[in-house]
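What follows is one structure encoded as structure tokens, with my remarks underneath.
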């Protein structure tokens with residue numbers, strides 16, 4: 001289970017100078033087990049190893065990090081104080097603020113941070129082998145990702161649940177605050193576009209997938225009406241009905257695929273783009289109870305259930321990893337899935353599973369308003385992120401149990417693979433791997449898809465890997481097609497929920513920003529204002545989605561780096577704000593805790609961003625590629641990837657837009673960083689601590705759960 | 001723990017996680033703060049809650 005990395009509870013033993021011999025022995029054992037896992041990973045050369053070693057190395061490291069590092073951060077760096085009342089206690093209003101059981105809040109927070117990112121990123125990163133990805137997912141989460149989530153959560157909690165943007169404005173300055181706000185909005189647009197593209201690539205030309213994912217809309221509507229009119233408030237009951245209907249929809253998809261109705265559900269990528277854009281608009285203007293809320297329940301249930309299933313599957317089936325530990329693409333940077341060498345592009349691609357800037361938005365959103373006791377930031381902030389990292393490790397395993405030949409046949413751009421299984425087989429052979437055309441046809445047939453060639457985006461690869469693992473445990477080879485479509489459905493559901501919610505959040509941000517210029521548009525109840533701003537948000541991500549889907553060179557290869565850099569830049573903003581706040585609070589001594597991950601993240605993102613803008617290698621630099629194609633247009637030539645002159649112009653336009661966007665992101669984040677640096681210097685030089693917006697100390701009147709030993713069912717039910 | 005206790009624990013957790021238990025907490029709070037006023041029905045409370053959700057969108061992560 002993912003949670004097994006955590007001790008039984010977030011309980012803190014009262015200050016004790018030494019560990020008891022028993023717990024010392026246990027922790028030495030945990031350290032040894034983890035070390036054995038790492039040793040097996042490090043020492044295996046050439047031979048195939050079991051995925052279990054990855055799991056062992058991950059869980060062992062998480063346990064040690066949680067027990068020692070997160071405790072050190074909580075006690076020494078943040079100095080959490082359980083006698084201090086949290087905003088949930090002080091401002092309790094029964095709506096936004098109320099002290100919530102830590103186990104429940106852990107679930108809430110995890111459901112809010114976990115999405116498709118940690119599933120897709122590691123799959124693409126498998127291009128460089130399983131070892132670099134695993135090392136970064138585990139080391140990155142321990143020293144960067146989980147630290148960021150926990151400290152942002154703590155700082156926001158000490159400020160009555162202020163958002164990251166507000167904290168930046170209040171504590172750093174107007175310029176940095178404004179840059180952070182615009183940056184967050186722009187980054188979100190790219191995020192939505194790339195995630196939607198993953199869905200499009202997973203559903204295009206697949207009747208089964210399209211049918212079952214389309215069915216989620218009537219199912220969600222049914223749940224919405226059921227909850228509103230028939231059984232108000234019975235969420236658990238409704239969710240179970242919804243999940244049952246969802247499973248039926250997956251089975252029904254198989255039936256549709258084999259029937260004469262199939263042709264109505266085979267949609268081209270372009271059609272899917274228009275459907276998604278239309279859906280995104282409608283979903284963001286409909287009342288939340290109709291579509292958004294029930295879909296969110298469904299997605300949460302599926303998320304937790306599938307992740308648990310996956311953990312069981314990996315441990316029970318114990319598949320062997322077919323991928324190499326480190327491929328040559330790690331050093332040459334010429335991989336077909338994403339371009340560029342290990343540093344910095346591996347870290348950009350993995351993104352969310354190790355460090356995710358977006359979590360800073362969730363950690364400074366609802367969660368800080370619900371924490372019962374300060375020390376619980378450890379379980380909720382650090383613990384949830386460790387769990388998310390474990391999900392990323394499992395996604396990496398799912399990608400690495402596939403034959404490398406199949407992996408590259410699925411994930412390389414269509415321009416490289418060509419239209420048929422024969423051309424794909426040949427292209428894969430040129431990359432240095434083997435898969436016969438017959439094997440490709442058989443692999444597609446096993447999951448009842450028309451073809452698996454060029455199904456980039458990560459979702460289909462993950463689904464094939466999951467089907468492989470699940471079929472080994474539940475149901476055998478005959479169930480493979482079901483599990484494949486189950487996995488596709490689960491990812492699409494995740495992503496569509498993110499698209500719904502993200503469009504709505506984006507709309508509020510836009511209304512807020514535009515409201516400064518023209519008052520009426522800021523009013524949240526003025527219908528035309530809602531429609532205009534929703535259309536603007538949907539139009540913005542819809543543009544990038546369409547551009548990506550129709551990109552002759554492969555949208556994932558072009559846009560995923562933009563997405564990864566955007567996400568990691570947001571993390572740089574969050575880490576810069578936290579480092580500045582630590583220094584402002586007179587904790588210069590401990591500033592390295594967020595300062596080191598910040599330095600690393602800035603090095604990674606700015607190197608990657610710089611290369612994307614200025615590299616003269618057309619495989620990496622947006623403008624270099626643009627120039628190459630523009631020069632060819634002048635000469636009237638067609639270059640690889642383009643089948644006609646329109647394609648050539650599309651490539652030139654897309655790369656110009658991507659390059660400009662990249663440069664804008666870098667400038668926005670640079671503004672925030674400089675502003676933070678100025679505040680830091682001022683804070684260090686100032687003889688008295690600079691003022692902060694931390695809420696003053698109020699003594700807590702509620703008991704910490706550590707003191708009253710209530711059992712799980714002891715809570716009022 | 002016996003099976004029944006487990007079942008109750010799971011039910012408690014699911015109700016808390018999905019927010020189904022919020023209504024009970026709201027009623028209890030309502031009775032404490034406004035002992036005279038009638039407690040809103042489940043349906044009324046749900047309408048209030050959706051309205052609140054409408055105005056406070058919560059982002060999901062990637």
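Protein chains in written order, with my numbering: chain D, 1 to 717; chain P, 1 to 62. Glycine residues also receive a C-beta, built at the ideal position from the N, C-alpha and C atoms. Fair warning: this is a prediction, and the values are worked out from it, not measured in the lab.
Asked: The alpha helix (DSSP H) enclosing residue 426 of chain D, as first and last residue numbers; Found: 421-431
Asked: Nearest-angstrom beta carbon gap, residue 200 of chain D and residue 549 of chain D [assumed within contact, 8 angstroms]; Found: 5 angstroms
Asked: Whole-angstrom C-beta distance between residue 49 of chain P and residue 39 of chain P, which should lie under 8 angstroms; Found: So it is not a contact: roughly 14 angstroms between Cβ atoms.
Asked: Rounded separation between residue 41 of chain P and residue 580 of chain D - CA only; Found: 48 angstroms
Asked: Rounded C-alpha distance that separates residue 151 of chain D from residue 397 of chain D; Found: 30 angstroms
Asked: Beta-carbon spacing of residue 649 of chain D, residue 370 of chain D below 8 angstroms; Found: no
Asked: Residue nearest to residue 300 of chain D in terms of C-alpha spacing, selected from D:359, D:339, D:113 and D:283; Found: D:113
Asked: Residues near residue 406 of chain D in its chain [Cβ-Cβ closer than 8 angstroms; skip 5 each side]; Found: 435, 439, 440, 443, 452 and 464
Asked: Residues near residue 425 of chain D in its chain [Cβ-Cβ closer than 7 angstroms; skip 5 each side]; Found: 435, 436, 437 and 440
Asked: Under 8 angstroms between C-beta atoms of residue 323 of chain D and residue 404 of chain D; Found: yes
Asked: Length at least 4, wholly inside the stretch 423-503 of chain D: the alpha helix (DSSP H) runs in chain order; Found: 437-446 and 459-473
Asked: Completely contained alpha helix (DSSP H) runs for the stretch 372-400 of chain D, where each covers 4 or more residues; Found: 384-400
Asked: Reference residue 493 of chain D; option with closest CA among D:214, D:51 and D:517; Found: D:214
Asked: Beta carbon of residue 96 of chain D nearer than 8 angstroms to that of residue 693 of chain D; Found: no
Asked: Contained beta strand (DSSP E) runs [length at least 3] in the stretch 510-575 of chain D, N- to C-terminal order; Found: none
Asked: Contact with chain P by residue 504 of chain D, beta-carbon distance below 8 angstroms; Found: yes
Asked: Integer-rounded CB distance, given that residue 358 of chain D should sit under 8 angstroms from residue 604 of chain D; Found: That belief does not hold up - the Cβ atoms of residue 604 of chain D and residue 358 of chain D are roughly 17 angstroms apart, past 8 angstroms.
Asked: Residue range of the unbroken alpha helix (DSSP H) whose run includes residue 258 of chain D; Found: 235-258
Asked: Beta bridge counterpart(s) of residue 320 of chain D as assigned by DSSP; Found: D:50
Asked: Own chain partners of residue 156 of chain D with C-beta closer than 6 angstroms, once the 5 adjacent residues on each side are dropped; Found: 162, 364 and 368
Asked: Three-pair Cβ contact test at 8 angstroms for the stretch 469-477 of chain D versus the stretch 302-321 of chain D; Found: yes
Asked: Inter-residue CB distance, residue 128 of chain D and residue 327 of chain D (contact presumed, cutoff 8 angstroms); Found: 6 angstroms
Asked: Three-pair Cβ contact test at 8 angstroms for the stretch 559-572 of chain D versus the stretch 176-195 of chain D; Found: yes
Asked: Residue 295 of chain D classed as buried or exposed, judged by whether at least 16 other C-beta atoms fall within 10 angstroms; Found: buried
Asked: Residue 13 of chain D, buried or exposed, once every other Cβ within 10 Å from all chains shown has been counted against 16; Found: Low local confidence applies: a pLDDT of 47 at residue 13 of chain D is under 50, so the model's placement there is unreliable, with the coordinate-based value given in what follows. Exposed, because fewer than 16 other Cβ atoms sit within 10 Å of the Cβ of residue 13 of chain D.
Asked: 8 angstroms Cβ cutoff, residue 58 of chain P in contact with chain D; Found: yes
Asked: Residues that residue 100 of chain D bridges to, as DSSP identifies them; Found: D:371
Asked: Short CB-CB distance (under 8 angstroms) between residue 508 of chain D and chain P; Found: yes
Asked: CA-to-CA distance, residue 351 of chain D to residue 9 of chain P, given in whole angstroms; Found: 35 angstroms
Asked: Given residue 38 of chain D as reference, the closest of D:61, D:254 and D:679 once Cα atoms are compared; Found: D:61
Asked: Any non-hydrogen atom of the ligand SAM closer than 7 angstroms to residue 93 of chain D Cβ; Found: For the ligand SAM, the structure offers nothing, since it holds no ligand at all.
Asked: Chain D residues whose Cβ lies nearer than 7 angstroms to that of residue 14 of chain P; Found: 236
Asked: Inter-stretch contact (C-beta, 8 angstroms, three-pair minimum) for the stretch 382-394 of chain D and the stretch 166-181 of chain D; Found: no
Asked: Contacts of residue 43 of chain P in chain D (Cβ-Cβ under 9 angstroms); Found: 228, 229, 232 and 233
Asked: Limits of the unbroken alpha helix (DSSP H) element including residue 655 of chain D; Found: 645-685
Asked: Alpha carbon of residue 238 of chain D to alpha carbon of residue 496 of chain D, nearest angstrom; Found: 20 angstroms
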